[in-house]
Amino acid sequence: MYRVYALNKNERGVIEKILSDDTMGRQTIIEKDGANMGYEGKIILVVEGQSEIFKRLDELMGNSQKPLSEKDAGAVYKKIKDEEEAAQGGVGFLFG
Numbered sequence: 003m004y005r006v007y008a009l010n011k012n013e014r015g016v017i018e019k020i021l022s023d024d025t026m027g028r029q030t031i032i033e034k035d036g037a038n039m040g041y042e043g044k045i046i047l048v049v050e051g052q053s054e055i056f057k058r059l060d061e062l063m064g065n066s067q068k069p070l071s072e073k074d075a076g077a078v079y080k081k082i083k084d085e086e087e088a089a090q091g092g093v094g095f096l097f098g
């Protein structure tokens with residue numbers, strides 16, 4: 003499971019709070035500049051993990067932060083995963 007958020011750049015404290023949490027710190031958390039994804043002035047935050055962790059994530063995020071819609075989140079997630087695969091392919095080419 004995953005959730006994708008588009009946070010304002012001045013909300014970096016929320017990201018730090020998530021990363022410093024014992025439970026959340028063990029999850030896959032991806033942070034990207036939103037400008038590359040069509041979200042100018044935003045930080046894209048992707049959190050991957052088992053369904054149980056999202057209750058804790060909601061507690062840390064508070065009521066002010068809502069994840070992107072399923073459609074938008076899917077598009078952003080796919081773009082990030084495509085970038086990761088392309089980068090891994092490049093490293094394999096260099097060292098393969």
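If you're matching positions, the sequence shown starts at 3 in the working numbering and goes up one per residue.
All C-beta atoms, glycine included, are put in the ideal place defined by N, C-alpha and C.
Proximity of residue i and residue j at Cβ, strictly below 9 Å
i: V48; j: E33; result: yes
i: G1; j: K11; result: Nothing about residue 1 can be read from this structure; the chain reaches only from 3 to 98.
i: L62; j: A8; result: no
Per DSSP, the bridge partner or partners of residue i
i: I46; result: A8, K34
Of the listed residues the options, nearest to residue i (C-alpha basis)
i: V6; options: K19, K80, E18, N65; result: K80
i: Y4; options: M26, R14, K11; result: M26
i: L21; options: E50, N10, D35, G43; result: E50
Alpha carbon of residue i to alpha carbon of residue j, nearest angstrom
i: T30; j: I46; result: 14 Å
i: G91; j: N38; result: 20 Å
i: N65; j: I55; result: 16 Å
i: M28; j: E87; result: Rather than Met, the amino acid found at residue 28 in this sequence is Arg. Going from the Cα of R28 to the Cα of E87 covers about 22 Å.
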